[in-house]
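A.B. asks: In our numbering, the protein residues as written are 27 to 204.
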Amino acid sequence: KNIQIIIMSFLSPLLRRTSMCTMMPIMTPAYHRGSLNRLVLFSRNNMLLDQKQQITITNLQSRGMASKKHRAVLRQSKGFRGRANRCFTLAIGRLEKSWQYAYRDRKVKKRDMRRLWIERINAGVRQHGLSYSVFMNKWRKSGVFDVDRKIMADLAMNEPFSFKALVDVIKMKTSAAP
């Protein structure tokens, strides 16, 4: 029997391409990492296959829409920590939580931007001897509603001379009003 195995290992390149490989016991497909860290695939009868040879597996079933949905979820969960970027079950939970964070933070972003505009306007009007609350009160009374906080903040930061002209117009309109 040992001689038969030695002969089989010697003749395996010749027998590999024929159908005479029935001498070895039939084994299930197995994967083994070789010493060179390359994947070696064993055939059903435990004969080594060339990497160029391909095993055709019959009776494959297509999952269609389910696979498409899984791929979409895993594509969206790219960059998540741990297994949440690889495992569908974990990814869907993390993805739903990320949607909650996104929904919440869209509102927080609006708050933060308004706060930033107010800080910039306050810094700009204090250079002209007013506080933010006094300036906004005069702005409302003046009726100059062509500019909003966003535009005023931009003018205060990037165009100080234009902002000074706006402050002067608002001061003039409110001082002339009865």
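All C-beta atoms, glycine included, are put in the ideal place defined by N, C-alpha and C.
Fair warning: this is a prediction, and the values are worked out from it, not measured in the lab.
The alpha helix (DSSP H) with Glu122 in it runs from where to where?
C.D. replies: As a working mapping, residue 122 is identified with position 96 in the sequence shown. Residues 114 to 152.
A.B. asks: Does Gly108 come out as helix, strand or coil in the three-state DSSP assignment?
C.D. replies: On the sequence shown, residue 108 is found 82 positions in, with the first residue counted as 1. Helix, per DSSP.
A.B. asks: In whole angstroms, what separates the C-alpha of Gly108 from that of Arg166?
C.D. replies: Residue mapping note: residue 108 aligns to position 82 of the sequence shown, counting from 1. Residue mapping note: residue 166 aligns to position 140 of the sequence shown, counting from 1. Between Gly108 and Arg166, the C-alpha separation is close to 53 Å.
A.B. asks: Whether or not the stretch 145 to 165 and the stretch 120 to 135 are in contact is what I'm after, with contact meaning three or more pairs of Cβ atoms, one per stretch, closer than 8 Å; do they touch?
C.D. replies: Judged by Cβ distances under 8 Å, the stretch 120 to 135 makes no contact with the stretch 145 to 165, as fewer than three pairs qualify.
A.B. asks: Taking only three categories from DSSP, how would you classify Phe171?
C.D. replies: The residue you call residue 171 lines up with position 145 of the sequence shown. Note: Phe171 maps to coil in three-state DSSP.
A.B. asks: Where does the unbroken alpha helix (DSSP H) through Arg101 begin, and where does it stop?
C.D. replies: As a first step, residue 101 must be located in the sequence shown, where it is residue number 75. It spans 91 to 102 - the alpha helix (DSSP H) in which Arg101 sits, taken as one unbroken run.
A.B. asks: Determine, using beta carbons only, whether Ser201 comes closer than 8 Å to chain D.
C.D. replies: Of the protein chains in the structure, only one exists, and it is not chain D.
A.B. asks: Is the beta carbon of Lys199 less than 8 Å from the beta carbon of Ser157?
C.D. replies: Locating residue 199 in the sequence shown gives position 173, counting from the first residue. Locating residue 157 in the sequence shown gives position 131, counting from the first residue. No. Outside cutoff.
A.B. asks: For Met178, count neighbouring Cβ atoms within 10 angstroms of its own Cβ and tell me buried if that reaches 16, exposed if not.
C.D. replies: Against the sequence shown, residue 178 aligns to sequence position 152. So Met178 ends up on the buried side.
A.B. asks: Which class does Ser157 belong to by DSSP, given the choice of helix, strand or coil?
C.D. replies: For the purposes of this step, residue 157 is taken as residue 131 along the sequence shown, with counting starting at 1. Residue state, collapsed to three classes: coil.
A.B. asks: Could you give the first and the last residue of the continuous alpha helix (DSSP H) run that contains Ser201?
C.D. replies: Stepping through the sequence shown from its first residue, residue 201 is reached at position 175. Counting along the chain, the alpha helix (DSSP H) containing Ser201 begins and ends at 186 to 202.
A.B. asks: Which value, in whole angstroms, describes the spacing of the CA atoms of Ala191 and Tyr127?
C.D. replies: The residue given as residue 191 occupies position 165 in the sequence shown. The residue given as residue 127 occupies position 101 in the sequence shown. Approximately 42 Å, taken between the alpha carbons.
A.B. asks: Look at the Cβ atom of Ser103, then the Cβ atom of Ala117, and state whether they are nearer than 8 Å.
C.D. replies: Position 77 of the sequence shown, counting from 1, holds the residue named residue 103. Position 91 of the sequence shown, counting from 1, holds the residue named residue 117. Going by C-beta atoms, Ser103 is nearer than 8 Å to Ala117.
A.B. asks: For Glu145 and His96, I'd like the C-alpha separation in whole angstroms.
C.D. replies: One-based indexing of the sequence shown puts residue 145 at position 119. One-based indexing of the sequence shown puts residue 96 at position 70. Approximately 46 Å between the Cα atoms of the pair.
A.B. asks: Is the Cβ-Cβ distance between Trp143 and Arg175 less than 8 Å?
C.D. replies: Counting from 1 along the sequence shown, the entry for residue 143 is found at position 117. Counting from 1 along the sequence shown, the entry for residue 175 is found at position 149. In contact: Trp143 and Arg175 (Cβ atoms closer than 8 Å).
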